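Novice: Let me give you the structure first, and then I'll get to my questions.
Listed below in structure tokens is the structure:
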């Protein structure tokens with residue numbers, strides 16, 4: 210794997226740390242700015258709103274720039290947003306800065322996933338995407354606990370300044386290590402929007418929203434479940450959540466490897482595994498040891514879907530994939546909102562703190578159903594390759610056909626140009 214993937218992963222690590230560490234720093238921020246914790250919780254919602262707004266708008270700008278330039282600019286905007294957060298004099302300023310920080314999130318991961326896929330051979334694309342996203346998963350193991358601990362001892366501003374430094378390192382690493390990347394034939398906003406005419410692309414996005422909502426239905430309420438049902442002390446929850454991050458990292462790597470070998474079966478298997486793990490958690494959550502083990506399984510199965518779904522979207526929007534890839538991040542955030550809402554409804558209805566995991570299991574099965582329908586439809590539209598165990602040979606054949614067409618066009622033009630010159 211090229212070293213350029215590490216540069217993308219460093220920025221992904223900074224973004225993941227910023228997104229999730231705010232949850233652990235809410236008490237410090239609330240105390241420092243004289244706000245209540247529920248009021249401070251809006252900072253998390255504003256970041257998510259920034260992701261949803263920024264994904265299409267900044268991607269529209271990014272499609273007009275060389276991909277490397279766009280990645281550096283997006284990393285720079287993210288770093289600037291964190292700097293504004295760190296120096297915010299009041300809550301209103303911090304709220305606006307938090308919105309700004311979320312704007313480049315979706316566009317960066319969209320452009321970064323496409324860049325990662327272009328940096329390697331076709332049969333390694335999903336693994337390359339998983340390497341970039343490993344920065345996000347490692348952030349949940351190291352970045353978020355470290356930022357929380359730093360914020361508790363030195364203040365929340367210190368934690369944000371550290372993220373600023375990491376963001377700068379990521380931008381410099383991209384500038385130094387990522388090579389110039391060619392534009393796609395359909396590059397440009399019109400070409401990017403044209404990819405959304407694909408029914409398969411919409412099915413892929415529906416799979417993300419429905420299936421991944423299952424993970425967030427459980428994860429949103431995992432802290433009170435671990436303390437009030439499993440019996441963990443509040444100080445031990447951070448360790449269990451770090452185990453969840455370990456599971457995410459394992460799942461991300463497994464998903465990337467499996468997707469390169471058999472993309473569609475890997476997606477379906479990941480959602481079935483997630484449904485099983487979430488359903489099991491409703492039983493195992495009553496014991497600390499079994500709960501901890503199941504949390505790792507949920508993280509593994511949940512994040513095995515990320516490189517597989519991201520790769521599927523890139524393949525279905527192969528001529529202009531940047532906007533579609535960025536839209537996946539908006540779909541993940543929509544899944545987060547839907548999952549949290551449905552899980553909260555189950556708790557409010559009196560079904561207990563383990564009920565969100567059962568809601569999550571049902572949503573994961575819905576994701577599996579949509580993925581299976583999409584797979585079946587894809588096989589019917591491509592009967593000549595329906596029996597292929599993986600999608601990759603099809604992509605290679607298309608790539609070869611494009612290269613041959615370009616070569617034939619160039620061969621035809623050369624004699625004409627020579628005649629004109631004579």
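Residue numbers (the numbering used here): 210 to 631.
Ideal Cβ placement from N, Cα and C applies to all residues, glycine included.
Values in this document were obtained by computation on a predicted structure and should not be read as measured data.
Throw me the rounded Cβ distance for the residue 423 and residue 561 pair, which I believe falls under 8 Å.
Specialist: No, residue 423 and residue 561 are not in contact; Cβ-Cβ is about 18 Å, not under 8 Å.
Novice: Work out the CA separation of residue 414 and residue 540 for me, nearest whole Å.
Specialist: Distance between the alpha carbons of residue 540 and residue 414 is about 7 Å.
Novice: Could you tell me the alpha carbon to alpha carbon distance between residue 215 and residue 234, rounded to whole angstroms?
Specialist: Distance between the alpha carbons of residue 215 and residue 234 is about 28 Å.
Novice: Taking all protein chains shown into account, do 16 or more other C-beta atoms lie within 10 angstroms of the C-beta of residue 326, making it buried, or fewer, making it exposed?
Specialist: Counting Cβ neighbours within 10 Å, residue 326 comes out buried, since at least 16 surround it.
Novice: CB-CB under 6 Å to residue 259, same chain, minus the five flanking residues each way: which ones, in chain order?
Specialist: If we look at residue 259 and ignore the five residues flanking it on each side, its Cβ neighbours are 308, 311, 312.
Novice: Nearest CA to the CA of residue 382: which residue from 572, 552, 217?
Specialist: Nearest of 572, 552, 217 to residue 382, Cα basis: 217.
Novice: So, does the stretch 490 to 499 touch the stretch 362 to 369, judging by three or more C-beta pairs under 8 Å?
Specialist: No: fewer than three Cβ pairs fall under 8 Å.
Novice: Spatial neighbours of residue 306 within its chain, please: CB distance less than 7 Å, with the 5 preceding and 5 following residues excluded, ordered by chain position.
Specialist: Contacts found: 290, 293, 294, 297.
Novice: Go to residue 366, then tell me how far its alpha helix (DSSP H) extends in each direction, as first and last residue.
Specialist: Counting along the chain, the alpha helix (DSSP H) containing residue 366 begins and ends at 365 to 386.
Novice: Could you give the distance in angstroms between the alpha-carbon of residue 251 and the alpha-carbon of residue 226?
Specialist: One C-alpha to the other measures close to 18 Å.
Novice: Between the Cα of residue 299 and the Cα atoms of 223, 241, 370, which residue gives the shortest distance?
Specialist: Selected option, being the one with the closest Cα: 241.
Novice: Identify which residue in 438, 491, 346 has its Cα closest to the Cα of residue 515.
Specialist: Closest option to residue 515, Cα to Cα, is 346.
Novice: Near residue 553, which residues of its chain fall below 7 Å by C-beta distance, leaving aside the five closest residues on each side in sequence?
Specialist: None.
Novice: Run the CB neighbour count on residue 437, radius 10 Å, all protein chains shown included, and call it buried at 16 or more, exposed below.
Specialist: Exposed is the call here.
Novice: Thinking just about the alpha-carbon of each residue, which of 390, 432, 420 is nearest to the one in residue 510?
Specialist: Out of 390, 432, 420, 420 has the C-alpha closest to the C-alpha of residue 510.
Novice: Roughly how many angstroms separate the alpha carbons of residue 349 and residue 271, rounded to a whole number?
Specialist: If I take the Cα positions, the gap works out to 28 Å.
Novice: Tell me whether the beta-carbon of residue 566 lies closer than 7 Å to the beta-carbon of residue 427.
Specialist: In this structure, residue 427 lies closer than 7 Å to residue 566 by Cβ.
Novice: Tell me whether residue 390 sits in a helix, a strand or coil according to DSSP, three-state version.
Specialist: Here residue 390 sits in coil by DSSP.
Novice: Would you kindly report the start and end of the unbroken alpha helix (DSSP H) that includes residue 469?
Specialist: It spans 443 to 470 - the alpha helix (DSSP H) in which residue 469 sits, taken as one unbroken run.
Novice: Hey, residue 344 and residue 219 are a contact pair by Cβ (cut 8 Å); roughly how many whole angstroms apart?
Specialist: The pair is a contact, with the Cβ atoms about 6 Å apart (cut-off 8 Å).
Novice: So what's residue 582 in DSSP terms, helix, strand or just coil?
Specialist: Of the three classes helix, strand and coil, the one that applies to residue 582 here is helix, per DSSP.
Novice: If you draw a straight line from the C-alpha of residue 506 to the C-alpha of residue 456, how long is it?
Specialist: In a straight line, the C-alpha of residue 506 is about 6 Å away from that of residue 456.
Novice: Along the chain, where does the alpha helix (DSSP H) containing residue 428 start, and where does it finish?
Specialist: 408 to 428 is the extent of the alpha helix (DSSP H) around residue 428.
Novice: Out of 564, 542, 572, state which residue places its alpha-carbon closest to the alpha-carbon of residue 254.
Specialist: Residue 254 has its Cα closest to that of 542, out of 564, 542, 572.
Novice: Exposed or buried, which one is residue 213 when buried takes at least 16 other CB atoms within 10 Å?
Specialist: The residue in question, residue 213, is buried, as its Cβ has 16 or more Cβ neighbours within 10 Å.
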